[in-house]
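**Q**
There are 2 protein chains.
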Amino acid sequence: MKTQQIVLASRPIGTPTLTNFRFEDVVLPEMNDDEIQLNTLYLSVDPYMRGRMNDAKSYTPPFEVDKPIEGAGVAKVTASKSEKFNVGDYVYGRLPWRIHTVGASKEFIKIDVSVAPLSYYLGILGMTGLTAYFGLMDIGKPKAGETVVVSGAAGAVGLMVGQIAKIMGCRVVGITGSDQKVKLLKEEFKFDEVINYKTTQHLEKSIERSCPDGVDIYFDNVGGVISDAVIRNINFHGRIPLCGQISLYNSSTEPYGPRLQPILLTRSVLLQGFIINDFQSHFPEAMQQLITWVKEKRLINSETIIQGFNQLPVAFLGLFEGQNTGKMVVEL
Amino acid sequence: MKTQQIVLASRPIGTPTLTNFRFEDVVLPEMNDDEIQLNTLYLSVDPYMRGRMNDAKSYTPPFEVDKPIEGAGVAKVTASKSEKFNVGDYVYGRLPWRIHTVGASKEFIKIDVSVAPLSYYLGILGMTGLTAYFGLMDIGKPKAGETVVVSGAAGAVGLMVGQIAKIMGCRVVGITGSDQKVKLLKEEFKFDEVINYKTTQHLEKSIERSCPDGVDIYFDNVGGVISDAVIRNINFHGRIPLCGQISLYNSSTEPYGPRLQPILLTRSVLLQGFIINDFQSHFPEAMQQLITWVKEKRLINSETIIQGFNQLPVAFLGLFEGQNTGKMVVEL
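From first to last, the protein sequence lines are chains A and B.
In terms of numbering that gives the first Met the number 0, the first sequence is residues 0 to 331.
In terms of numbering that gives the first Met the number 0, the second sequence is residues 0 to 331.
Right under this line is the structure:
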């Protein structure tokens, strides 16, 4: 069977461009025992994937040049040599950027389609939701009445963090990059304050004004100068779940900035880098909580769905220009 | 009664000098009820005191200009209007830089002189010991076989951290600033490896060579370029107790350096600023453990004792030139 895939044509230096991707026709291998054949329906594009394009040690190995990009996806089973799955089942898992694929059944999880639309499993009920949940709840440990600042607030994780922090009874201040997103976060997602970092005169002072009691939790999705400004407002015993550093991912030189350790030291601040696998043993409870909140309509899904397999590279590049609100997903 | 004191004459800009201190004669006030009169025997000089010389918000309020410097000290009770203390008792507490003083009895703790020499209560059995203990044990959470790197390794806290890490069965690598200290740390304190950061050609590579399995815990006393080099070698799930940043304390401009959050993020690293008061409820157990180790001779005290009240400013300034090995104490 013939299909199409997208491979990493070359490692980007600085900001990736379309030339770093290449479309290819491939012939699928025959299925072996315990394998399934899949028709990919949705693929997730996420900022962390930029890191995998570099040839650098990280928590996931780098993408290989001339091999397909891969990421989270949802697919339908079209043929099965596994007892675990029947034709017609929907599955979630790590998928190559390919229209059809063949994979080991143990790598996939069956989706209950009665719970939520399929794309939710790439966002609110997927890695995004779990990332927001564990970062905020297990590292941030929010208490009612505390102030939570989240950067990249209209991004996939940011939107979830803000909503969960509101459920926890916190004052939530978002930082984002357009007036349209400011309006959305305030009106639809009930953020208490939202700052447009691109138009504010003095970000550090804006944060100070928006957080009269200081910042208890800073959920950091972006890094760089935005984080510098928030951290200068952090409270004694503040917590910083370190989730993303999107503002630095496309740096072609090592980024420099003020040394903030003296602030972290004198204010007894916790800063914790994390990936969701650190919390793997708690996935079931977390998923159950997220599903409950979704059913209670206390968590609203927000996604930017781009149509068409051939739009995958464009959708990915759009992440770095803030083109998405909520989870960016490509529907094949 | 007349006595002598040392006040902050002016706030230092950058590195402090002797002109920032002034000696004064003062008359002690009469004792009130529940107060004691003290003859100060030992005063501690510590790097954190540099921060209190600035007019900046921190975990302790700044020293006031024209008021006495204050810090940890050991004194003998010379008169008492308190039921808690008798004349001749030895006490530990926060003391002004003054030969004689009068203070509220509730601010002092009686010392059991049978346990250890008096000066130990400013070091191994005092704030220094507790800082090393809680930073390493409660934040670092060392496991046998792990690699612990400690900067400022021959300093008061560093020497304790290294020894406790060895008791815990860790491989211990120290970073220090003279060949004499390298020798001492290896021979007397059984550090596995010690790096002289002033003479090594490439600190990051030296650390890599000294830590073939990477760095699991980095106990940071110094900050700046030394910490940059260690953090580049930190392992997945590494822990960084952030205890001091002595290399930055005398900066007159805001220090800049590489942004290391991407490393902390991709390696799921914990960085935690702390002061010992964060662990106040656990002081008794910790003290008991430290005393046991001292009695078992598994923890060796190391102190640099400078003689004479009038040497206090000189001893303090010496901290920033690495003139001490172990705890720097002034004996009046």
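Quick reminder that beta carbons are idealized off the backbone N, C-alpha and C, glycines included.
All values derive from a computational prediction rather than experimental measurement.
Kindly indicate which three-state DSSP category A/I239 falls into: helix, strand or coil?
**A** A/I239 falls in the strand class under three-state DSSP.
**Q** Can you look up A/I123 in the DSSP assignment and give me helix, strand or coil?
**A** If DSSP states are grouped into helix, strand and coil, A/I123 belongs with coil.
**Q** Pull up the distance between the alpha-carbon of A/F190 and that of A/V172, whole angstroms please.
**A** One C-alpha to the other measures close to 6 Å.
**Q** Output yes or no for whether 8 Å exceeds the beta carbon distance between B/T2 and B/Q36.
**A** For B/T2 and B/Q36, no; Cβs fall outside 8 Å.
**Q** In terms of alpha-carbon separation, which member of A/I262, A/K142 and A/S177 lies closest to A/I166?
**A** Closest by alpha carbon: A/K142.
**Q** For A/G307 and chain B, any beta-carbon pair shorter than 8 Å?
**A** Chain B contact via Cβ: absent.
**Q** When the Cα atoms are used, what is the spatial distance from B/E192 to B/S177?
**A** Answer to the nearest angstrom: the Cα atoms are 14 Å apart.
**Q** For A/V293, which three-state DSSP category applies?
**A** Helix, per DSSP.
**Q** When DSSP builds the beta bridges, which residues end up paired with B/P257?
**A** A/Y255, per the DSSP bridge assignment.
**Q** Suppose you measure from the CA of B/K56 to the CA of B/G272; what does that come to, to the nearest Å?
**A** C-alpha separation (whole angstroms): 15 Å.
**Q** Which residue spans inside the segment 89 to 158 of chain A form an unbroken beta strand (DSSP E) run of at least 3?
**A** For the segment 89 to 158 of chain A, whole beta strand (DSSP E) runs of length 3 or above, ordered along the chain, are 89 to 95, 99 to 103, 107 to 109 and 146 to 150.
**Q** Let me know the secondary structure DSSP gives A/V81 once reduced to three states.
**A** Correcting the residue identity first, residue 81 of chain A is Ser in this sequence and not Val. DSSP places A/S81 in coil when its eight states are reduced to three.
**Q** Does any residue of chain A bring its CB to less than 8 Å from the CB of B/P261?
**A** Closer than 8 Å: yes.
**Q** Would you identify the three-state DSSP class for A/P67, choosing helix, strand or coil?
**A** Here A/P67 sits in strand by DSSP.
**Q** Taking all protein chains shown into account, decide if A/V268 is buried (16 or more other Cβ within 10 angstroms of its Cβ) or exposed.
**A** Result: buried.
**Q** How would you write the range of the alpha helix (DSSP H) that B/V229 sits in, first residue to last?
**A** G223 to I230 is the span of the alpha helix (DSSP H), which, as asked, contains B/V229.
**Q** Buried or exposed, going by whether 16 or more other CB atoms sit within 10 Å of the CB of A/G302?
**A** Correcting the residue type first, residue 302 of chain A is Glu in the shown sequence and not Gly. When all chains shown are included, A/E302 counts as buried.
**Q** Pull out every residue of the segment 38 to 65 of chain A whose Cβ sits closer than 7 Å to any Cβ of chain B, in chain order.
**A** Here the close residues are G50, S57 and Y58.
**Q** Cα separation between A/T198 and B/L331?
**A** When rounded, the distance between both Cα atoms is 59 Å.
**Q** Apart from the five residues on each side of it in sequence, which residues of its chain come closer than 6 Å, Cβ to Cβ, to A/F107?
**A** Closer than 6 Å at the Cβ level, and outside the excluded window around A/F107, lie V90 and G92.
**Q** Nearest by alpha-carbon distance to B/N300: which of B/T252, B/A153 and B/V26 is it?
**A** The shortest C-alpha separation from B/N300 is found at B/A153.
**Q** Among B/Q310, B/K75 and B/F319, whose alpha-carbon lies nearest the alpha-carbon of B/Q4?
**A** Answer by Cα proximity: B/Q310.
**Q** So what does DSSP say about A/Q200, is it helix, strand or coil?
**A** In the structure shown, A/Q200 sits in coil (DSSP, three-state: anything other than H, G, I, E or B).
**Q** Per the DSSP calculation, B/Q306 is bridged to which residue(s)?
**A** Beta-bridge pairing links B/Q306 to B/E330.
**Q** Determine, using beta carbons only, whether B/L129 comes closer than 8 Å to chain A.
**A** No, no contact with chain A.
**Q** Mind pulling the chain A residues with CB within less than 8 Å of B/Q279?
**A** Ordered by position in chain A, no residue passes the 8 Å Cβ test against B/Q279, which lies about 12 Å from the chain.
**Q** Say whether chain B places a C-beta atom closer than 8 Å to the C-beta of A/Q244.
**A** Yes - at least one Cβ of chain B is within 8 Å of the one on A/Q244.
**Q** Between B/V268 and chain A, is there a C-beta pair that is closer than 8 Å?
**A** Yes, B/V268 counts as interfacial toward chain A.
**Q** Between the C-alpha atoms of A/L289 and A/L298, what's the straight-line distance to the nearest angstrom?
**A** Approximately 8 Å, taken between the alpha carbons.
**Q** Can you list, in chain order, the residues of the segment 10 to 30 of chain B whose Cβ is nearer than 8 Å to any Cβ on chain A?
**A** Residues: none.
**Q** Return the residue from the list A/L259, A/I275 and A/N220 that minimises the CA-CA distance to A/P46.
**A** Of the candidates A/L259, A/I275 and A/N220, the one whose C-alpha sits nearest the C-alpha of A/P46 is A/N220.
**Q** When the distance is taken between beta carbons, is B/A155 closer than 8 Å to B/G325?
**A** Yes.
**Q** Between the segment 194 to 205 of chain B and chain A, which residues of the former have a C-beta closer than 9 Å to a C-beta of the latter?
**A** Answer set for the segment 194 to 205 of chain B: empty.
**Q** For A/V181, which of helix, strand or coil comes out of DSSP?
**A** Helix, per DSSP.
**Q** Can you give the beta carbon distance from A/V329 to A/V44, rounded, assuming they're within the 8 Å contact cut?
**A** Contact holds; Cβ gap of about 6 Å.
**Q** Figure out for me which residue from B/F308, B/T127, B/G243 and B/V149 has the closest Cα to the Cα of B/I233.
**A** For the residues B/F308, B/T127, B/G243 and B/V149, the minimum Cα distance to B/I233 belongs to B/V149.
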